[in-house]
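Q: My questions all concern the structure below.
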DNA sequence: GTCTATAGCGTGATAGAC
DNA sequence: GTCTATCACGCTATAGAC
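Protein chains in written order, with the working numbering: chain R, -9 to 183; chain V, -9 to 183.
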């Protein structure tokens, strides 16, 4: 019942799930990567579902705490979104496999975790939307459909892990700057009349 | 060996795969939805993999043909991107489940299809990037990292199916207009100095 | 073209020796 | 804490009657 061993199992599982997907990875695969037999895993974890839950739920709570904190700061809408973008980039680069698991495999969570995950995700989207609406009310943002902007922006942030390492020279700072410019300032040189 | 029955199977499979994921849907589930037994499916299709391939590959070829055609038009970069955005929105709304399968389940394609799919996807990304670079060369777009812009824009277009039906009143035209504005023109009222 | 029956295999998980 | 052995089950796919 070594706790380090447990962490090691969960970490290795996240990497395998990232590569092949939750259902395609067997307990035998996972054990083999760690140099033990599948049955030995059960001294450290109680089920495959528990591993997924351990990977996903910690991260989901982390995102929730962060947006909660940002939302109550006394900042403008743009500053808040910059902080959220930065946090997504940091998490994507530091915890790639866990983040990819969260986005792709949450449907396989046990019912309780799944319910909690969806609550957290819906709350995150609602807080993000509120920040956008704040910006539009206060004149900092153009008055557009705030839903379309929120959903499409969150889509970019949630799928960074697909491409952040596809080209050389994508540093954290460069990605953050690029995303802020593209998402917030636009790319067209002179708005078409 | 009725061809309509085959189409019916493939269509139903796409819907189930969208809901529960390719691996979680069994041939028994699929057969039951159609009111027959699992073994009867094999009079119309030869394997579960073949169903996935039929769903995914047709759509992948369709996207390729479209960007190929747009790329060789004598349009500006912005007009080309607007055409691509419109095509993504149309396809997302008209073929939601097939599109979601393509994005989420392509890893389970048989090796040949998988190889072909990745070739098509890489070619699509390269063509999109070339359109962006064209715009920057010709002064139509701001000079930014074209990779970051391409990847993040494609992320939005590829994941539309996640949210396009979350709110009432998201019509095709409204989504297209919203995306063009958000992705190309930006949301910030007055660029921060 | 659908059925029943079943082959053949891989899965998550457990029991009990060491 | 890891092992061997195994259970109980579900999976894709096939054979052959109707």
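No residue lacks a Cβ here, since even glycine has one placed at the ideal position from N, Cα and C.
Are the CB atoms of residue 149 of chain V and residue 118 of chain V within a distance shorter than 9 Å?
A: Numbered from 1 along the second chain, position 128 holds the residue referred to as residue 118 of chain V. Numbered from 1 along the second chain, position 159 holds the residue referred to as residue 149 of chain V. No, they are not a contact pair.
Q: Is the beta carbon of residue 97 of chain V sitting closer than 9 Å to the one on residue 14 of chain R?
A: Position 107 of the second chain, counted from the first residue, corresponds to residue 97 of chain V. Position 24 of the first chain, counted from the first residue, corresponds to residue 14 of chain R. Closer than 9 Å, so yes.
Q: Mind pulling the chain V residues with CB within less than 8 Å of residue 165 of chain R?
A: Position 175 of the first chain, counted from the first residue, corresponds to residue 165 of chain R. Chain V residues near residue 165 of chain R: 138.
Q: Please list, in chain order, all residues of the same chain as residue 35 of chain R whose beta carbon is under 7 Å from its beta carbon, the five residues on each side excluded.
A: The residue you call residue 35 of chain R lines up with position 45 of the first chain. The residues are -4, -1, 41.
Q: Is the beta carbon of residue 21 of chain R sitting closer than 9 Å to the one on residue 30 of chain R?
A: Within the first chain, numbered from 1, the residue matching residue 21 of chain R stands at position 31. Within the first chain, numbered from 1, the residue matching residue 30 of chain R stands at position 40. Going by C-beta atoms, residue 21 of chain R is nearer than 9 Å to residue 30 of chain R.
Q: Could you say which of V:164, V:179, V:9 lies nearest to residue 86 of chain V if we only look at CA atoms?
A: Position 96 of the second chain, counted from the first residue, corresponds to residue 86 of chain V. Considering only alpha carbons, the answer is V:9.
Q: In or out: residue 90 of chain R buried (at least 16 other Cβ within 10 Å) or exposed?
A: Mapped onto the first chain, residue 90 of chain R falls at position 100. Buried: at least 16 other Cβ atoms inside 10 Å.
Q: Residue 178 of chain R bridges to which residues according to DSSP?
A: Indexing the first chain from 1 puts residue 178 of chain R at position 188. Bridge partners of residue 178 of chain R: V:131.
Q: Would you mind stating whether residue 176 of chain V and residue 94 of chain V have Cβ atoms separated by less than 9 Å?
A: Position 186 of the second chain, counted from the first residue, corresponds to residue 176 of chain V. Position 104 of the second chain, counted from the first residue, corresponds to residue 94 of chain V. No, these two residues do not count as a Cβ contact at 9 Å.
Q: Quick check on residue 100 of chain R: buried or exposed, where buried means 16 or more other Cβ atoms within 10 Å of its Cβ?
A: For this step, residue 100 of chain R is matched to residue 110 along the first chain. Classification of residue 100 of chain R: exposed, given that the 10 Å Cβ count is below 16.
Q: Since residue 124 of chain V and residue 67 of chain V should fall inside the 8 Å C-beta cutoff, what is the C-beta to C-beta distance between them, to a whole number of angstroms?
A: Residue numbering aside, residue 124 of chain V sits at position 134 when the second chain is read from its first letter. Residue numbering aside, residue 67 of chain V sits at position 77 when the second chain is read from its first letter. Between residue 67 of chain V and residue 124 of chain V the Cβ distance is about 5 Å, and since that is below 8 Å, they are a contact.
Q: Within 10 angstroms of its Cβ, does residue 3 of chain R collect 16 or more other Cβ (buried), or is it exposed?
A: Counted from its first residue, the first chain places residue 3 of chain R at position 13. Burial call: buried.
Q: Among V:116, V:172, V:156, whose alpha-carbon lies nearest the alpha-carbon of residue 133 of chain R?
A: On the first chain, position 143 is the one that residue 133 of chain R refers to. With distances taken between Cα atoms, residue 133 of chain R lies closest to V:172.
Q: Give a yes or no on whether 9 Å exceeds the smallest Cβ distance from residue 14 of chain V to chain R.
A: Reading the second chain from its first residue, position 24 is the one you call residue 14 of chain V. Yes, contact with chain R.
Q: Short of 7 Å in beta carbon distance, which residues of its chain neighbour residue 72 of chain V, apart from the five on each side in sequence? Order them along the chain.
A: Position 82 of the second chain, counted from the start, is the residue given in the question as residue 72 of chain V. These residues qualify, in order along the chain: 170.
Q: Going by beta-carbon coordinates alone, are residue 78 of chain R and residue 141 of chain V separated by less than 9 Å?
A: Along the first chain, one-based indexing puts residue 78 of chain R at 88. Along the second chain, one-based indexing puts residue 141 of chain V at 151. Result no, Cβ atoms of residue 78 of chain R and residue 141 of chain V do not sit closer than 9 Å.
Q: Do residue 174 of chain V and residue 178 of chain R have their beta-carbon atoms positioned less than 9 Å apart in this structure?
A: Sequence index remark: in the first chain, residue 178 of chain R carries index 188 (1-based). Sequence index remark: in the second chain, residue 174 of chain V carries index 184 (1-based). Yes, these two residues count as a Cβ contact at 9 Å.
Q: In the structure shown, what three-state DSSP assignment does residue 160 of chain R receive?
A: Taking the first chain and counting its residues from 1, one reaches residue 160 of chain R at position 170. Coil.
Q: Would you say residue 161 of chain V lies against chain R (beta-carbon separation less than 9 Å)?
A: Here residue 161 of chain V refers to the residue found at position 171 of the second chain. For residue 161 of chain V, the answer is no, since every Cβ of chain R falls outside 9 Å of its Cβ.
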